[in-house]
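Notes to accompany the following structure.
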Amino acid sequence: DVKVTQSSRYLVKRTGEKVFLECVQDMDHENMFWYRQDPGLGLRLIYFSYDVKMKEKGDIPEGYSVSREKKERFSLILESASTNQTSMYLCASRLTAGYTFGSGTRLTVV
Amino acid sequence: AQSVTQPDIHITVSEGASLELRCNYSYGATPYLFWYVQSPGQGLQLLLKYFSGDTLVQGIKGFEAEFKRSQSSFNLRKPSVHWSDAAEYFCAVGDGGSQGNLIFGKGTKLSVKP
């Protein structure tokens, strides 16, 4: 089975900090995705990537950036964390149809 | 634009009762449809998917879903709910075919009464 690993389950960061959320998949998938999940809003796509060094904006990219230097790793970067970025962050990867998700990182910005 | 609607935000059923979670989609072509489940504090797990063929799809954990093109629906069912089925359920449609991004509904939270 494909495994998607998010490095942290829980993070607490201070306002203004630069935050890195890491995601690694072990099945050579080309497509990777970052979502944030908030109550009542469902999953919203932040960024996705179809290949190494390629990235595309999703529905809510403001305040975020991404990095994909290697195929297996897709990092989400909060350049200057703010309290409205407190959320659950979910990474996913895909080879064909359907996604495989990581367990999520619950980020709290104080 | 493609969209997915899950009309029920929260459903409570008794253990052993049957379950149906509703999903309606808006998509011009043949849709690729998915149901995911999310246990508290976890990521999403794929329950089942529909691409083509038989409109009744079997998934894991005893779930099934039926694609009804005339109603633009893909409802999830289970004949007898177990307490461990308490979770949030998300319906999704593939945007642009099998390689397209997924568009998710806002989810239905299922509670199970003993």
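One line per chain: the protein sequences are A and B, in this order.
Numbered per the numbering used here, the first sequence spans residues 1 to 110.
Numbered per the numbering used here, the second sequence spans residues 111 to 224.
We put the CB at the ideal spot given by N, CA and C, even for glycine.
Small disclaimer: the values here were computed from a predicted structure and weren't measured.
Inset, instruction - Tell me whether the beta-carbon of Phe74/A lies closer than 9 Å to the beta-carbon of Met32/A. - result: yes
Inset, instruction - Report the three-state DSSP secondary structure of Asp205/B (helix, strand or coil). - result: strand
Inset, instruction - Output yes if chain B places a C-beta closer than 9 Å to the C-beta of Gln6/A; else output no. - result: yes
Inset, instruction - Determine the burial state of Asn211/B: buried for a count of at least 16 other Cβ atoms within 10 Å of its Cβ, exposed for fewer. - result: buried
Inset, instruction - Could you work out which residues of chain B lie near Gly65/A, taking near to mean beta carbons separated by less than 8 Å? - result: The question names Gly, but residue 65/A in the sequence shown is Ser. Chain B residues near Ser65/A: none, gap ~19 Å exceeds 8 Å.
Inset, instruction - Using the Cα positions of Ser82/A and Lys55/A, report the straight-line distance between them to the nearest angstrom. - result: 23 Å
Inset, instruction - Answer yes or no: do Leu157/B and Leu129/B have a C-beta to C-beta separation smaller than 9 Å? - result: no
Inset, instruction - Under 8 Å by Cβ, that's how I've got Gly104/A and Gln152/B pegged, so tell me the actual separation to the nearest angstrom. - result: 7 Å
Legend entry - Cβ-based burial, Trp193/B [other Cβ within 10 Å; buried from 16]: exposed
Inset, instruction - Determine the chain B residues that contact Ser103/A at a beta-carbon separation under 9 Å, and present them in chain order. - result: Gly151, Gln152 and Gly153
Legend entry - Residue ranges of each beta strand (DSSP E) within the stretch 38-104 of chain A, 3 or longer: 42-49, 64-70, 73-78 and 87-94
Inset, instruction - Under 8 Å by Cβ, that's how I've got Val123/B and Val222/B pegged, so tell me the actual separation to the nearest angstrom. - result: 6 Å
Legend entry - For Asp195/B and Ile170/B, the rounded distance between their alpha carbons: Spanning the two alpha carbons is a distance of roughly 12 Å.
Inset, instruction - Give the residues of chain B in contact with Gly42/A, contact being defined as C-beta atoms less than 8 Å apart. - result: Phe200, Phe214, Gly215, Lys216 and Gly217
Inset, instruction - List the whole-angstrom C-beta distance separating Gln155/B from Phe200/B, where the pair is believed to meet the contact cut-off of C-beta under 8 Å. - result: Wrong, their Cβ atoms sit about 10 Å apart, outside the cutoff.
Inset, instruction - Select from the stretch 135-147 of chain B all residues with a C-beta closer than 7 Å to any C-beta belonging to chain A, and list them in chain order. - result: Tyr142 and Phe144
Legend entry - Residue range of the beta strand (DSSP E) that includes Gln6/A: Val4 to Gln6
Legend entry - Ser194/B - DSSP class collapsed to helix/strand/coil: helix
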